[in-house]
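Here is the structure we will look at.
Numbering (my numbering), first residue to last: 8 to 142.
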């Protein structure tokens, strides 16, 4: 359940279609699973115009999660994710490496948080450009 919560959260916050309505829907679902740290991440990108550029250029972002590690020997559980991040535009695809970390704590189960777990202290610790290739 913990690994699934971390995966689902990351997919919601990083898989972004070129639709403002869908982005908002995904992010709202992600915010239900996380503390204020997820909103701070969103707010930082919002202030730089990231989401407007994504929708304005009809681009979309996807992640390909390579690994999810969760330390079950400590509580709250420390988690980390390694992934590739892709931004697909009309003429090219840009690839980045992505590493994040967070903690996972018990919370109340609800229809919006089926596992009853909360992502805490979410942060991106690496987001490095790899390459841009033409389609």
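Using N, Cα and C, we set each Cβ at its ideal position, and we do this for glycine too.
Here the structure is a predicted model, which means the values were calculated and not measured.
Using only the alpha-carbon positions, how far apart do residue 114 and residue 43 sit?
Taking the straight line joining both Cα atoms gives about 14 Å.
Of all the options 88, 72 and 95, which has the alpha carbon lying nearest to the alpha carbon of residue 78?
Out of 88, 72 and 95, 88 has the C-alpha closest to the C-alpha of residue 78.
Given a cut-off of 9 Å, decide if residue 126 and residue 12 are closer than it, judged by their beta-carbon atoms.
Yes, the pair counts as a contact, with Cβ atoms nearer than the cut-off.
Three Cβ pairs or more, each shorter than 8 Å: is that satisfied between the stretch 30-37 and the stretch 49-67?
The stretch 30-37, when compared against the stretch 49-67, does touch it at the 8 Å Cβ threshold.
Classify residue 68 as buried or exposed, calling it buried when 16 or more other Cβ atoms lie within 10 Å of its own Cβ.
That one is buried.
Could you compute how far the alpha carbon of residue 19 sits from the alpha carbon of residue 30?
Whole-angstrom Cα-Cα distance: 9 Å.
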